[in-house]
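Protein chains in written order, with my numbering: chain A, 109 to 735; chain B, 109 to 735. Ideal placement from N, C-alpha and C gives every residue a C-beta, glycine not left out. A quick note: this is a predicted structure, and the numbers were derived from the prediction, not measured.
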């Protein structure tokens, strides 16, 4: 009834292939060593951070409870252990566990994922009375696996002893899988214990593929009374239960964590996106901060320097307010998926929105903290990055120091969105706004800003999540993410919002009206948008609308465009499919690349190839002949 | 013997087409009006400039003589007239007269251009005794044209009276041609008089095509005694006679003004280009400044604020020194010419070089002048550009204020190149270095820096010379250059230096070693270079060498790369032509566009499509079988 190691390997391989993991695979030793280094250094941060915060008692309390909360689900641990684990949790949160939602969602919407037990029953041909690596056991569960105690499982935390985890009452050997886990070594947080609390948080695991992989790794079953004890001790309350209510206006790409696009066809109507329509991109449950108690800590590496309330931000620093377009690096990922499968949410061209963000300039706050533009400290201390930590641990991100300090960088410590306090959904009470960069750097619910020699530590900064990988890198197996460059400014991009794909155009109109957005990173103004209705054979210029008037090299918001294009006479027949496309050029004279193949990358980010929309010509009947 | 207007028109049309002018054509009224506006405002500048400089006597003298020198060739004018004309000369120097050297040189190298008289003899079938628009004349020259006096010619300065010019003893009606002149209305400087002094300066006119056009416009001949008087009064001394001696190391694209590439195959050997090998791009004769007398004037619009000597620059401001790659916007123009004819010098990929430039920061000088980063003056006065004027009038260029003032912009007022005073050839004693921008903004022999609301006034800033035009703009006819964006930062680019096109590779080697450069504008680091030996079917990453270590967003110098690429087995046959190509990605994740068609523009600038080099596989015989 128990599989041989070889047979387990085969089953795992095929499950992985089905799940599209063959190409994502394992992290290198480089990363693992790095994880260990970080584990040490982060524990250090926690320690000295606590020291540094001693004079700011509140802030220590502020960090404390969150650490508890994050690991509360594990239950029954002494507070000392919790503190140590909190450090470890942060330290190990390197990979991209939360980044594999894509296929997830396709699977979860509609069909509930199967129970791994059923899969085991279906997939496994009972073998002879073989021994799992766990030991030689007479007593076997109804599925044919040997029984384990929680204590036995807890002894298997390291590769040298094999690594076991439990899910419900199943015991799984994940030793080989660790290197193939898209979320990297974060899986080790559960080594020797239950993964259930983590999966309640990262619901992207609830897919058939993941369950198949899990089933292939099964080696045992918890004693029934032990499982009942465990079940009682684990709180599996839905961590997303407290998310804000939503109208679901745009296409929802994932419910938990919540990710939805803006309404693409309505983009041209709203230069400033109404808040309910602004796209949403969460990696975790939406945290809830009490604005009155909220403190933003300013730090230099692990030494805390200052903490400010939102009231301080409002009263002590000059307020700045301007429109900024935020765009997910994965926007337009759908099109890359058509070239070859990529990881991540299947965004159309609506993971982009514009709001008027208000707040104080990060450079003013840094200046006040002693890290101003002219501060020799920056150079002497080798500060190269400003890191932002959100309340949704372990999320963090960082930006280069020059962007943070430049008078022309316009990075905001924002507390207003479209003239009102920032809603929780969008990062209130305090969100960083880094204009011109991928939105992942505009850290929501920001509670800590650190001047640092290195980049932020999370997988969203240092992992593969937002790295520039080449088209020929078809697997991350053996790739050290540190050798890839972190995405900051995004390239020039544009998309057609109207007409929408699949719509029809009256052939007798003789022309098509196109509308869309164009935007480039780094504040680079859009100088031109070209459009074509014959797949790029002939082009004409679009009229640039709002956004074209933005200050030079400070075009933080998109530029709207519109064009009336004549349908070439030879195409004017009902049934003909028009291949409409657009391409933009920015002030640095960078062009969009022609084909998605050239920019394809395994993470499916930064697709800025020409945007195509197919529409069909029809002859519309007159509804009212008298009219 | 004299052509009818219709026949002249036909001859002109065909000559223009041969010269590739059919697509370049005439400037719009917008430009012409603009020229007039500028004429007024520039005269104003001269006037108030002189006032402003009154307290800096030397500087007034400094500007005075140059104005004289520039128009000295006209001879016999009172000094008041000269002053007025100097303003006009600057004002009208809008177009791109010096920018049509390309085919020019191809023609001049080897074959001396023909005399227009010969062309007239050859091309024209003598007609009946027709009349030129010049009048009804009995007496005709041996070529069959009526004779004119200089006084008669001088009455034809405006379109309403027809516009005549003389060249040698020929009289030409250029009324219709003015709008087609690639140099724009600058041709009107010679209206009613001789163009000979101008052509001595702009020797790009010495081509068969230009002579053909000229021949087609001929309407008469100067009386012999009048021509002799004129000849005696015109100084046609070679204005380039005083150019520095040169080694002609790289491909010379034009002798007068001098334009030459660096030695492409030697690029990979020299991260810092040795000065004799640095590419040279001149628009005029190389001016000679006496360093001891040299003064750099700092101004706000037309009010002079400060003048400094090179000694002041050295002693009063902190010295900064770093490698900067300068690249002509027209680099790699050759490839665009293969798509469709473009204007400009036919650069291969060697109009790029790197030197260590030393000097003080422009921002420090501006700060000292009262236009610092924090100066409210900048905002209050609406300053948006910093303009640089060179000694080679009427050359000027400008950059956006944020580039000039940013701590991270690193714009230099340079006085050293590779550790020594800047040679005259490269802009000494004082040259502006604008890292990350097209080299045309790094104004040589800079004598005036102006904080201004508008861009620089010359054709190289406001004209079509360095504007971002779309691929579908096949003529500048009817295009107002002010509607096109001035190029500043250049897009990501790369090229293969080795092997060189047309070289051979030993098929038995099984692989090819590629070397080249990559660079992007705006200090954007090169994060990757991909190479292919099968025309882009398969790619691999190149190793990044020197330059990859540059500071984040301050990669002002190129990045060298190298790759050893296996030749695909199916191509390993003698006689096979390998299509080797490369493409780079910068830190803002901008990619090079795949095909030159997508970036083609009439001016032939900013070609950053994939760079291709064709080499042939051969089986090399063993030279020495014992070896």
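Original post:
Are residue 551 of chain A and residue 505 of chain A close, meaning C-beta to C-beta below 8 angstroms?
Top reply: yes
**OP:** Would you be able to state if there are at least three C-beta pairs under 8 angstroms between the stretch 695-703 of chain B and the stretch 665-674 of chain B?
**Re:** no
Subject >> CB of residue 432 of chain A within 8 angstroms of CB of residue 465 of chain A, strictly >> reply: Yes, they are a contact pair.
**OP:** Whole angstroms is fine: what's the gap from residue 349 of chain B's alpha carbon to residue 435 of chain A's?
**Re:** 58 angstroms
Original post:
For chain A, is any of its Cβ atoms less than 8 angstroms away from the one on residue 426 of chain B?
Top reply: No, residue 426 of chain B lies away from the interface with chain A (no Cβ there is under 8 angstroms from its Cβ).
**OP:** Would you tell me roughly how many angstroms separate the C-alpha atoms of residue 596 of chain B and residue 507 of chain B, rounded to the nearest one?
**Re:** Spanning the alpha carbons of residue 596 of chain B and residue 507 of chain B requires a straight line of approximately 7 angstroms.
Original post:
What does residue 492 of chain B touch in chain A if you count any residue whose Cβ is under 8 angstroms from its own?
Top reply: 660
Original post:
With 8 angstroms set as the bound, which would you pick, yes or no: does the beta-carbon of residue 647 of chain B sit closer than that to a beta-carbon of chain A?
Top reply: yes
Subject >> Residue ranges of each alpha helix (DSSP H) within the stretch 244-287 of chain B, 4 or longer >> reply: 258-262
Original post:
Taking buried to mean at least 16 other C-beta atoms within 10 Å of its own C-beta, is residue 709 of chain A buried or exposed?
Top reply: Buried: at least 16 other Cβ atoms inside 10 Å.
Original post:
Going along chain A, which residues have a C-beta under 7 angstroms from residue 567 of chain B?
Top reply: Within chain A, no residue comes near residue 567 of chain B; the closest Cβ sits about 19 angstroms away, beyond 7 angstroms.
Original post:
When the cut-off is 8 angstroms and only beta carbons count, does residue 696 of chain A lie next to chain B?
Top reply: yes
Subject >> Secondary structure of residue 709 of chain A, DSSP reduced to three states >> reply: The answer is coil: DSSP assigns residue 709 of chain A none of H, G, I, E or B.
Subject >> Coarse secondary structure for residue 368 of chain B, derived from DSSP in three states >> reply: strand
Subject >> Beta-carbon spacing of residue 463 of chain A, residue 380 of chain A below 8 angstroms >> reply: yes
Subject >> Burial state of residue 412 of chain A, where buried means 16 or more other Cβ atoms lie within 10 Å >> reply: buried
Subject >> Alpha carbon of residue 384 of chain A to alpha carbon of residue 358 of chain A, nearest angstrom >> reply: For residue 384 of chain A and residue 358 of chain A, the gap between their C-alpha atoms comes out near 9 angstroms.
**OP:** Starting from the C-beta of residue 722 of chain B, find all residues in its chain whose C-beta is less than 8 angstroms away, skip the five residues before and the five after it, and write them out in chain order.
**Re:** Same-chain partners within the cutoff: 609, 610, 685, 686, 687, 688.
Original post:
Ordered along the chain, which non-local residues of its own chain (more than five positions away) have a Cβ less than 6 angstroms from that of residue 744 of chain B?
Top reply: In the structure displayed, chain B extends from 109 to 735; residue 744 of chain B sits before or after that span and is not available.
Subject >> Span of the alpha helix (DSSP H), counted from its first residue to its last, around residue 318 of chain A >> reply: 316-325
**OP:** May I have the straight-line CA-CA distance separating residue 624 of chain B from residue 603 of chain B, to the nearest angstrom?
**Re:** 6 angstroms
**OP:** Go to residue 442 of chain A, then tell me how far its alpha helix (DSSP H) extends in each direction, as first and last residue.
**Re:** 441-447
Subject >> Extent of the continuous alpha helix (DSSP H) run through residue 509 of chain B >> reply: 509-513
**OP:** Grab me the residues of residue 824 of chain A's own chain with a C-beta within less than 6 angstroms of its C-beta, minus the 5 sequence neighbours each way, in chain order.
**Re:** Given that chain A is displayed from residue 109 to residue 735, the structure contains no residue 824 of chain A and the question cannot be resolved.
**OP:** Would you identify the three-state DSSP class for residue 617 of chain B, choosing helix, strand or coil?
**Re:** The answer is helix: DSSP assigns residue 617 of chain B an H, G or I state.
**OP:** Tell me where the alpha helix (DSSP H) around residue 422 of chain B begins and ends.
**Re:** 418-424
Original post:
Going along chain B in order, which residues have a C-beta closer than 7 angstroms to the C-beta of residue 707 of chain A?
Top reply: Against chain B, a Cβ distance below 7 angstroms from residue 707 of chain A picks out 699.
Subject >> Backbone CA spacing between residue 269 of chain B and residue 263 of chain B [nearest angstrom] >> reply: Cα-Cα distance, rounded: 8 angstroms.
**OP:** Answer with buried or exposed for residue 534 of chain B, where buried requires no fewer than 16 other C-beta atoms within 10 angstroms of its C-beta.
**Re:** buried
Original post:
Beta carbon of residue 359 of chain A: closer than 7 angstroms to some heavy atom of the ligand NAD?
Top reply: No copy of the ligand NAD occurs in the structure displayed, which carries no ligand at all.
Original post:
Between residue 474 of chain A and chain B, is there a C-beta pair that is closer than 8 angstroms?
Top reply: Chain B contact via Cβ: absent.
**OP:** Let me know the secondary structure DSSP gives residue 306 of chain A once reduced to three states.
**Re:** Three-state DSSP puts residue 306 of chain A in a helix.
**OP:** Check the DSSP bridge columns for residue 724 of chain A and list the partner residues they point to.
**Re:** A:612, A:685
**OP:** Tell me whether residue 491 of chain B sits in a helix, a strand or coil according to DSSP, three-state version.
**Re:** coil
Original post:
At what residues does the beta strand (DSSP E) containing residue 636 of chain A begin and finish?
Top reply: 634-640
Original post:
Hey, how far is the Cα of residue 650 of chain A from the Cα of residue 692 of chain A?
Top reply: 10 angstroms
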